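Chemist: One structure coming up, written as structure tokens, with questions to follow.
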Amino acid sequence: MPLLIAAASALEAAQPGLLAALPRPDWALAGAFATVFGVQRLVPTYGAGWYKSLKKPGWTPPNWVFPAVWIPLKLLQSVALWLVWRSGADQQQLAVPLSLFGLHLFLGNWWNVVFFGRHKLEESLGWMGAFWASIAASIASFWQVAPLAALLFAPTQVWVSIAAKLNYDIVRLNRGSSGGGGSKQE
-15 MPLLIAAASA LEAAQPGLLA ALPRPDWALA GAFATVFGVQ RLVPTYGAGW YKSLKKPGWT
45 PPNWVFPAVW IPLKLLQSVA LWLVWRSGAD QQQLAVPLSL FGLHLFLGNW WNVVFFGRHK
105 LEESLGWMGA FWASIAASIA SFWQVAPLAA LLFAPTQVWV SIAAKLNYDI VRLNRGSSGG
165 GGSKQE
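So for the sequence shown, my numbering puts the first residue at -15; every next one is plus one.
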């Protein structure tokens, strides 16, 4: 931190007024990032042993792909949420988009609990469908307030469509097996 302060002081000395010309922090943007990434942290981390034991389709992405995709998607969601919040829409116009966005966050987390935490593959399909629908509804409601926000949210819909197909295929491949049934096993 002292190095950062020294660097800022040196910049200001070399170019007076430079720091004053920088944009002020946008706390709404910081809040959007904190919301999207913070809510995600509410989901416990589950061991990978059970998931590794499941039969998966040949097209299943390697495990490293999931965070590599989700992190940029969460960044896009954060900016989309910020754009909606800063759109100038009144409280009544924001109620539906923000509620649907919150619903999508809840359903995405709940799907993780049901699938990875409780190992309820069949039940997870219904939650995945609700999660997918909440994203579609969020995109539609964002379009009404801030079209760019809807476009930024659209890649999440694409990825969740892929995840839904993977979820379905895993359920189908593990139906009746000890690792993929309705009871939790570790």
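Heads up, the beta-carbon is just placed ideally off N, CA and C, and yes, glycines get one too.
A quick note: this is a predicted structure, and the numbers were derived from the prediction, not measured.
Residues in its own chain within less than 8 Å of residue 145 by CB, not counting five upstream and five downstream?
Modeler: The residues are 116.
Chemist: State the start and end residues of the unbroken alpha helix (DSSP H) segment that holds residue 191.
Modeler: What the structure shows of the chain is the stretch from -15 to 170, and residue 191 is not part of that stretch, so it cannot be assessed.
Chemist: I need the DSSP call for residue 27, collapsed to helix, strand or coil.
Modeler: Of the three classes helix, strand and coil, the one that applies to residue 27 here is coil, per DSSP.
Chemist: Drop a sphere of 10 angstroms on the beta-carbon of residue 29, count the other beta-carbons inside from all chains shown, and report buried for 16 or more, exposed for fewer.
Modeler: Answer is exposed; the Cβ neighbour count stays below 16.
Chemist: For residue 35, collect the residues of the same chain with a Cβ closer than 8 Å to its Cβ; drop the 5 residues on either side in sequence, then sort them by chain order.
Modeler: Correct list, in chain order: 100.
Chemist: So the candidates are 49, 93, 156; which of them puts its Cα closest to the Cα of residue 26?
Modeler: It is 93 whose Cα lies nearest to the Cα of residue 26.
Chemist: Which residue's Cα is closest to the Cα of residue 158: 11, 14, 39?
Modeler: That would be 39, whose Cα lies nearest to the Cα of residue 158.
Chemist: Roughly how many whole angstroms lie between the Cα atoms of residue 113 and residue 148?
Modeler: Whole-angstrom Cα-Cα distance: 7 Å.
Chemist: Excluding the 5 residues flanking residue 62 on each side, which residues of the same chain have their C-beta closer than 6 Å to its C-beta?
Modeler: Closer than 6 Å at the Cβ level, and outside the excluded window around residue 62, lie 16, 17, 20.
Chemist: Since residue 60 and residue 109 should fall inside the 8 Å C-beta cutoff, what is the C-beta to C-beta distance between them, to a whole number of angstroms?
Modeler: Not confirmed; about 26 Å, so no contact.
Chemist: Assuming residue 111 contacts residue 91 under a Cβ cut-off of 8 Å, what Cβ separation, rounded to an integer in Å, is found between them?
Modeler: The Cβ separation is near 6 Å, so the contact holds.
Chemist: Under a three-way DSSP split, which group does residue 84 fall into?
Modeler: Residue 84 falls in the helix class under three-state DSSP.
Chemist: Which residues in the same chain as residue 53 place their Cβ atom closer than 7 Å to its Cβ, once the five residues preceding and following it in sequence are excluded?
Modeler: Answer for residue 53: 143, listed in chain order.
Chemist: Look at residue 66 and residue 12 and say whether their C-beta atoms are less than 8 Å apart.
Modeler: Cβ distance < 8 Å, so residue 66 and residue 12 count as in contact.
Chemist: Quick check: residue 84 and residue 121, are their CB atoms within less than 8 Å of each other?
Modeler: Yes, these two residues count as a Cβ contact at 8 Å.
Chemist: Can you tell me the Cα-Cα spacing of residue 97 and residue 68, whole angstroms?
Modeler: The straight-line gap from Cα to Cα measures roughly 28 Å.
Chemist: Considering only the alpha carbon of each residue, which of 41, 152, -3, 128 lies closest to residue 76?
Modeler: It is 128.
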